[in-house]
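Here is the structure we will look at, set down as structure tokens.
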Amino acid sequence: MDDNPVNRRLLESILGRQGYQTTVAADGEQAIAMGLSRDFDLILLDVMMPGKDGYQVCAELKRAQRCAETPIIFVSALAEADDHVKGLELGAADYINKPFNRGEVLARVNTHIQIGTLTRELRRMNSELLARQLLLEQDLAAAREIQASLLPRSRSIAEPWVKIDWCFEPCDSVSGDVFNVFWLDHEHLGAYIVDVCGHGVPAAMVTVAVSRSLSPDNGWAVERTPDGQSKIASPGEVLRRLDAEYPMERFGKFLTIVYLVLNCRTQRLAFSCAGHPPPLLVRGDGQIESLNRGGTIIGLGGGVPFDEGEIELHPSDRVFLYTDGVFERENAAEEAFGQDRVAHELYAARGDSLPVACERLTRQLNVFARGAPPTDDITLCGLELQNIMKG
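Under the numbering used here, the residue at position 1 of the sequence shown is numbered -10, and the numbers go up by one with no gaps.
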């Protein structure tokens, strides 16, 4: 876009020999009309033109969405620094002084064409990345919903016999932890807490599979005898079946678990741990006991049996299941919260309600961390025996 026909023909010749297709405007008004009606890879613009000068043309083109990102190079005899600055401030990408040199014109044009091509490619790739990110976020949201459906449906599921409460804080969008409390039959309550090694989606997918396996409808936890009666599987037997079903090579991951069965009529609690932090029993009178019976992690293929423990509970006794993300919570100095502090907080809250006790521990974890982000999922589940089932 130049008012001098000789310059226009010379520029056309230089660019045409390089393989560029050119379109020429003789004045500012024509340049604006052409710029707004077609898509150009680059615009060469003279400053001194009849009608609207190059600065006015540049300003109008840059205000239009169609030309906002089209590179504009001024080709002008105005060689003062202030003239260059004015053009750049209006949105021009570069400045070529007249009389121009063929090599300089081609170098600057080639450079800005390449920059434009790379910019468009980067924008396309960014758009694809954003679309994929949106799909990933939608998938993660769906995964969160699926994982949430694996947790207890209500804190009142076992009332008036047992009260339950919990804290569940994944460190990623989804968790490698999962737990549940559920009725096995009209008087037996089952509960488990699972920690799959790793975080994020791969670990969460394993929690979904494990939860389905531990469902009372699956036949592992509740067996049907030939005469149509139900038989509650012992915790050790459930863990044995889980170990056989989930060898480490199946998912490339191992898992730890606590599984327990509470008879609400006899108040007897049977339990077994597979490489998992043992539950803490906080008696109503303040005594604390670690329920440490079981075996190694799930995934080694049945080399070691899973021992079981059994105790009697009394009203107001509490059993807390938790994952290692609780006591391994670190502060900025990389000091871990520790199991002693866990036991202390649960002991100190023995006179509070179960929800307050769970909330107290999680609050103290945050106070201890002093803003340091968690590096592992934090899961805590408490059960409190309230009444003895009669009849």
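Here a beta-carbon is modelled for each residue, glycine too, at the ideal position from N, C-alpha and C.
Reducing DSSP to helix, strand and coil, say where Phe171 ends up.
strand
Would you identify the three-state DSSP class for Ile377, choosing helix, strand or coil?
coil
Nearest residue (CA-CA) to Lys87, options Asp274, Gly105, Val64 and Thr12
Val64
Secondary structure at Ala210, three-state DSSP: helix, strand or coil?
coil
Leu280 versus Leu343: straight-line alpha-carbon distance, rounded:
19 Å
First and last residue of the uninterrupted alpha helix (DSSP H) at Asn86
First-last for Asn86: Asp83 to Asn86, but that is the beta strand (DSSP E), not the alpha helix (DSSP H).
Indicate whether the contact test is met: 3 or more Cβ pairs, each with one atom in the stretch 50 to 70 and one in the stretch 98 to 113, closer than 8 Å.
yes
Extent of the continuous beta strand (DSSP E) to which Val356 belongs
Val356 -> not in any beta strand (DSSP E); alpha helix (DSSP H) instead, spanning Leu343 to Ala358.
Near Asp16, what residues of its chain come up, given a Cβ to Cβ distance below 6 Å and the 5 sequence neighbours on each side ignored?
Met38, Pro39 and Gly40
Residue span of the alpha helix (DSSP H) that contains Ile3, given as start and end
Pro(-6) to Arg6
From the DSSP output, in three-state form, read off Gly314 for me.
helix
Can you tell me where the alpha helix (DSSP H) holding Thr364 begins and where it ends?
No alpha helix (DSSP H) contains Thr364, which DSSP labels as neither H nor E.
The alpha helix (DSSP H) enclosing Lys75, as first and last residue numbers
Ala70 to Glu78
Cβ pair Gly288, Tyr235 closer than 9 Å:
yes
Report the residue ranges of all beta strand (DSSP E) runs contained in full by the stretch 110 to 176; include only those spanning at least 3 residues, in chain order.
151 to 158 and 166 to 172
Just grab the DSSP bridge partners of Lys220 for me.
Glu212
Buried or exposed: which applies to Glu392, given that a residue is buried once 16 or more other Cβ atoms fall within 10 Å of its Cβ?
Past the boundaries of the shown model lies residue 392; the chain is included only from -10 to 380, so the question cannot be answered.
Our contact map puts Leu374 next to Asp306 with C-beta atoms below 8 Å; I'd like the distance itself, whole angstroms only.
5 Å
Does the contact criterion of 3 or more C-beta pairs under 8 Å hold for the stretch 251 to 270 versus the stretch 209 to 217?
no
By a C-beta neighbour count over all protein chains shown, 10 Å radius and 16 as the cutoff for buried, is Pro381 buried or exposed?
A question about residue 381 goes unanswered here, because the residues of the chain that appear run from -10 up to 380.
Pick helix, strand or coil for Ile21, following the three-state DSSP scheme.
helix
Between Ile153, Phe168, Leu111 and Val190, which lies nearest to Ala131 when the distance is taken from Cα to Cα?
Val190
Would you mind working out which of Leu350, Thr196 and Arg359 sits nearest Glu324, comparing C-alpha positions?
Arg359
CB contact flag (Ala180, Leu310, <9 Å):
yes
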